[in-house]
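Asker: Residue numbers (our numbering), protein chains in the order written: chain C, 1 to 193; chain P, 1 to 193. Where a beta carbon is used, it is the ideal one built from N, C-alpha and C, also for glycine.
2 protein chains.
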Amino acid sequence: MLRTNLQLLSFIEAFCRDGHEGSKVMQKKINPGIRLVQQGETITNIYIIKDGITKCYISEENGKDFIIEFLGKGEVIGELEALKKIPCLCNVETISEVTAYAIPDYLFSELIAKNAAFTEILLQELSTRIIQTSTRASFQQLYTLEYGLSKLLQLQKEAQITISKEDMAAYLGISVRSFNRTLKALENKNLLS
Amino acid sequence: MLRTNLQLLSFIEAFCRDGHEGSKVMQKKINPGIRLVQQGETITNIYIIKDGITKCYISEENGKDFIIEFLGKGEVIGELEALKKIPCLCNVETISEVTAYAIPDYLFSELIAKNAAFTEILLQELSTRIIQTSTRASFQQLYTLEYGLSKLLQLQKEAQITISKEDMAAYLGISVRSFNRTLKALENKNLLS
DNA sequence: TTTAAAAAAGGACATTTGTCCCTGATGCGC
DNA sequence: GCGCATCAGGGACAAATGTCCTTTTTTAAA
Chain C
1 MLRTNLQLLS
11 FIEAFCRDGH
21 EGSKVMQKKI
31 NPGIRLVQQG
41 ETITNIYIIK
51 DGITKCYISE
61 ENGKDFIIEF
71 LGKGEVIGEL
81 EALKKIPCLC
91 NVETISEVTA
101 YAIPDYLFSE
111 LIAKNAAFTE
121 ILLQELSTRI
131 IQTSTRASFQ
141 QLYTLEYGLS
151 KLLQLQKEAQ
161 ITISKEDMAA
171 YLGISVRSFN
181 RTLKALENKN
191 LLS
Chain P
1 MLRTNLQLLS
11 FIEAFCRDGH
21 EGSKVMQKKI
31 NPGIRLVQQG
41 ETITNIYIIK
51 DGITKCYISE
61 ENGKDFIIEF
71 LGKGEVIGEL
81 EALKKIPCLC
91 NVETISEVTA
101 YAIPDYLFSE
111 LIAKNAAFTE
121 ILLQELSTRI
131 IQTSTRASFQ
141 QLYTLEYGLS
151 KLLQLQKEAQ
161 ITISKEDMAA
171 YLGISVRSFN
181 RTLKALENKN
191 LLS
């Protein structure tokens, strides 16, 4: 549930250190609860998270939110928009304090054109996203909420992060009421078993 | 709902025609209802659909299926598996008679390494898949079935294809019973409005 | 410590969806 | 045409989920 890409992080850190072009990459520090990227907006930077956690979510017209993913170390933001030259699909909001590299989009395009290692990392990243998104969509549609929630709690424990109930509900695509109800049901089962 | 990628189709057709390497690409004709690719299996070919329609679906352990996408002209099959060197995530089954190009995986890797135009097309394709998968997951989780179904019927009409009720239900992630019920509800509304 | 305000949790009811099973339609062999 | 088998459709009930609103808990201020 919390994605990371340490390979990409290493790449960008090396790039900043070694290359003369590294100076075009800015480092930013962002407080928790700040919207880094706004759905529908056009952005000119691609971000790579150096540290911290963000949530990437779609706000639907009916007022509901769906969290696509929680993004951590080494994850990239805005790459789809840069590749396809479209406005942002999602909102991205910081959950913790976040440090991120900001890469101007022309530099991003240049990297793809000239740096095969970067392109390979990017291909891997996109592949992983498709796999995870598809797998999750299937899982959430076809299993009971109780099963999905228990799996989510487990993942959260493993990742050693704390996600608010509201965010977990948005990740599962359900109301907070259902979330609470199912949580209680799970707790009761654990007591009994 | 029915994805196509005419750019990729053009590319591969030109590649077969012009290059000396084109001869390594085989053309296959497959009858309807045949499973091209089996979940969990390892494949050594990447397919690009020249003509016809397939469905790409995940079979969950609880016996239910979830259709990720319907793939048409120019769509590629097995690219994630080749890129990440993993067993197949999905089943892919022909719905109509299908003609497809079969590309050995070593040739696919070679193309990525040596042909920037191909890589660019691939990046675009992967991006599109992420966008569509995410958008759909959000939509299906947050809107009513009735809304989702009416949109699906509309898409089906536009694409001028016929999908079985069973497949549409699997695409929506619901039972056939719910599908029929909602369909009836929609029909009644159309009569009244 | 007390009280008011805000946030979180939960009860009650309506709606949606799944499951199970029956019914009626369709096709096929005789 | 008749009888049988098969399958799609739908009825009935159970389970899951959303909505609305009340109750409880937490927080902060006086």
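Using alpha carbons as the reference points, say which of I95(C), Y143(C) and P87(C) lies closest to I67(C).
Answerer: Translated into the one-based positions of the first sequence, residue 67(C) becomes position 67. The candidate whose alpha carbon is nearest that of I67(C) is I95(C).
Asker: What are the residues that DSSP puts in a beta bridge with S59(C)?
Answerer: Translated into the one-based positions of the first sequence, residue 59(C) becomes position 59. Answer by DSSP bridge pairing, in chain order: D65(C).
Asker: Using DSSP bridges, identify the partner residues of D51(P).
Answerer: By one-based count along the second sequence, residue 51(P) stands at place 51. Paired residue(s): T99(P).
Asker: What does V76(C) pair with, by DSSP beta-bridge criteria?
Answerer: Against the first sequence, residue 76(C) aligns to sequence position 76. In DSSP, V76(C) forms a bridge with I48(C).
Asker: Taking the beta strand (DSSP E) that T94(P) belongs to, which residues open and close that run?
Answerer: The residue labelled residue 94(P) in the question sits at position 94 within the second sequence. Where T94(P) is concerned, the enclosing beta strand (DSSP E) stretches over N91 to T94.
Asker: Cutting at 7 Å between CB atoms, please list the residues of its own chain near L6(P), excluding the five before and the five after it.
Answerer: For the purposes of this step, residue 6(P) is taken as residue 6 along the second sequence, with counting starting at 1. Around L6(P): K73 and G74.
Asker: Go through its chain and collect everything with a Cβ distance to G52(P)'s Cβ below 7 Å, but skip five positions before and after it.
Answerer: Counting from 1 along the second sequence, the entry for residue 52(P) is found at position 52. Same-chain partners within the cutoff: T94, S96, E97, V98 and T99.
Asker: Given a threshold of 16 other Cβ atoms within 10 Å of its Cβ, counted over all protein chains shown, does N31(C) qualify as buried or as exposed?
Answerer: For the purposes of this step, residue 31(C) is taken as the residue at position 31 of the first sequence. It is exposed - the Cβ of N31(C) has fewer than 16 other Cβ atoms within 10 Å.
Asker: Give, in chain order, every residue of the segment 168 to 179 of chain P whose Cβ lies closer than 7 Å to some Cβ of chain C.
Answerer: Answer set for the segment 168 to 179 of chain P: G173.
Asker: Anything in chain C within Cβ reach of N91(P), meaning under 9 Å, just list it in chain order.
Answerer: In the second sequence, residue 91(P) corresponds to position 91, counting from 1. The contacting residues do not exist; N91(P) stays about 12 Å from chain C at best.
Asker: May I have the straight-line CA-CA distance separating A169(C) from I58(P), to the nearest angstrom?
Answerer: One-based indexing of the first sequence puts residue 169(C) at position 169. One-based indexing of the second sequence puts residue 58(P) at position 58. Taking the straight line joining both Cα atoms gives about 24 Å.
Asker: State the Cα-Cα distance for the pair G218(P) and F179(P), rounded to the nearest angstrom.
Answerer: This structure leaves residue 218(P) out entirely; chain P is present only between 1 and 193.
Asker: Count the other C-beta atoms from every protein chain shown that fall within 10 angstroms of the C-beta of R35(P), then say buried if there are 16 or more, exposed otherwise.
Answerer: Position 35 of the second sequence, counting from 1, holds the residue named residue 35(P). R35(P) comes out exposed.
Asker: Does the CB of Q124(C) have a neighbour CB from chain P at under 9 Å?
Answerer: Numbered from 1 along the first sequence, position 124 holds the residue referred to as residue 124(C). Output row for Q124(C): interface = yes.
Asker: The alpha helix (DSSP H) that contains I30(P), what's its start and end?
Answerer: Reading the second sequence from its first residue, position 30 is the one you call residue 30(P). That residue, I30(P), is in no alpha helix (DSSP H); its beta strand (DSSP E) goes M26 to I30.
Asker: Should I46(C) go down as buried or exposed, given a rule of 16 or more other Cβ atoms within 10 Å for buried?
Answerer: Position 46 of the first sequence, counted from the start, is the residue given in the question as residue 46(C). Answer is buried; the Cβ neighbour count reaches 16.
Asker: In or out: T54(C) buried (at least 16 other Cβ within 10 Å) or exposed?
Answerer: The residue you call residue 54(C) lines up with position 54 of the first sequence. T54(C) comes out buried.
Asker: Anything in the segment 65 to 95 of chain C with a Cβ closer than 7 Å to a Cβ of chain P? List those residues in chain order, please.
Answerer: For the segment 65 to 95 of chain C, which is checked against every Cβ of chain P, the residues closer than 7 Å are F66, I68, L80, L83, K84 and L89.
Asker: Are the CB atoms of L186(P) and L153(P) within a distance shorter than 9 Å?
Answerer: As a position in the second sequence, residue 153(P) is number 153, starting the count at 1. As a position in the second sequence, residue 186(P) is number 186, starting the count at 1. Going by C-beta atoms, L153(P) is nearer than 9 Å to L186(P).
Asker: Along the chain, where does the alpha helix (DSSP H) containing E41(P) start, and where does it finish?
Answerer: For this step, residue 41(P) is matched to residue 41 along the second sequence. Note, E41(P): premise wrong, no alpha helix (DSSP H); not H, not E.
Asker: Would you say S150(C) reaches chain P, if we count a Cβ-Cβ gap shorter than 9 Å as a contact?
Answerer: Counting from one through the first sequence, the residue named residue 150(C) turns up at place 150. No, S150(C) does not count as interfacial toward chain P.
Asker: Quick one: list the residues of chain P neighbouring R3(C), beta-carbon separation under 9 Å, in chain order.
Answerer: As a position in the first sequence, residue 3(C) is number 3, starting the count at 1. Residues of chain P passing the Cβ test: none, with the nearest at roughly 12 Å.
Asker: For I49(C), does the count of other Cβ atoms within 10 angstroms reach 16, so buried, or fall short, so exposed?
Answerer: Within the first sequence, residue 49(C) is the residue found at index 49, counting from 1. Burial call: buried.
Asker: Use the C-beta contact count for A113(C): other C-beta atoms within 10 angstroms, 16 or more gives buried, fewer gives exposed.
Answerer: Within the first sequence, residue 113(C) is the residue found at index 113, counting from 1. Classification for A113(C): exposed.
Asker: Please work out which residues of its chain come closer than 6 Å, Cβ to Cβ, to V25(C), disregarding the five sequence neighbours upstream and downstream, and give them in chain order.
Answerer: The residue you call residue 25(C) lines up with position 25 of the first sequence. If we look at V25(C) and ignore the five residues flanking it on each side, its Cβ neighbours are C16, Y101 and I103.
Asker: Would you check if the distance between the CB atom of I174(P) and the CB atom of T133(C) is smaller than 9 Å?
Answerer: Position 174 of the second sequence holds residue 174(P). Position 133 of the first sequence holds residue 133(C). Contact flag unset, no.
Asker: Using the Cα positions of E79(C) and F11(C), report the straight-line distance between them to the nearest angstrom.
Answerer: What you label residue 79(C) is simply residue 79 of the first sequence in a count that begins at 1. What you label residue 11(C) is simply residue 11 of the first sequence in a count that begins at 1. Looking at the two C-alpha atoms, the distance is approximately 16 Å.
Asker: Spell out whether any CB of chain P is found under 9 Å from the CB atom of F11(C).
Answerer: For the purposes of this step, residue 11(C) is identified with residue 11 of the first sequence, where counting begins at 1. For F11(C), the answer is no, since every Cβ of chain P falls outside 9 Å of its Cβ.
Asker: Flag this pair as yes or no: are the beta carbons of L155(P) and M1(P) separated by less than 9 Å?
Answerer: Along the second sequence, read from residue 1 onward, the residue named residue 155(P) stands at position 155. Along the second sequence, read from residue 1 onward, the residue named residue 1(P) stands at position 1. Going by C-beta atoms, L155(P) is nearer than 9 Å to M1(P).
Asker: Leaving aside the five residues before and after E69(C) along the sequence, list all residues of the same chain whose C-beta is less than 6 Å from its C-beta, in chain order.
Answerer: Numbered from 1 along the first sequence, position 69 holds the residue referred to as residue 69(C). Contacts found: R3 and C56.
Asker: Along the chain, where does the alpha helix (DSSP H) containing Q7(P) start, and where does it finish?
Answerer: Your numbering for residue 7(P) matches position 7 in the second sequence. Its alpha helix (DSSP H) spans residues L6 to D18.
Asker: Assuming T182(P) and L149(P) make a contact with CB atoms under 8 Å, what is their CB distance in whole Å?
Answerer: To locate residue 182(P), count along the second sequence from 1; it is residue 182. To locate residue 149(P), count along the second sequence from 1; it is residue 149. T182(P) to L149(P), Cβ: 5 Å. Contact.
Asker: If the cut-off is 8 Å on Cβ atoms, which residues from the segment 132 to 145 of chain P count as contacting chain C, listed in chain order?
Answerer: Listed by position, the residues of the segment 132 to 145 of chain P near chain C (Cβ gap below 8 Å) are T133, S134, T135, R136, A137, S138, F139, Q140, Q141, L142 and Y143.
Asker: Nearest-angstrom Cα distance between K195(P) and D65(P)?
Answerer: What the structure shows of chain P is the stretch from 1 to 193, and residue 195(P) is not part of that stretch, so it cannot be assessed.
Asker: For K151(C), report the span of its alpha helix (DSSP H) as first-last.
Answerer: As a first step, residue 151(C) is located in the first sequence; it is residue number 151 there, counting from the start. Note, K151(C): alpha helix (DSSP H), L145 to A159.
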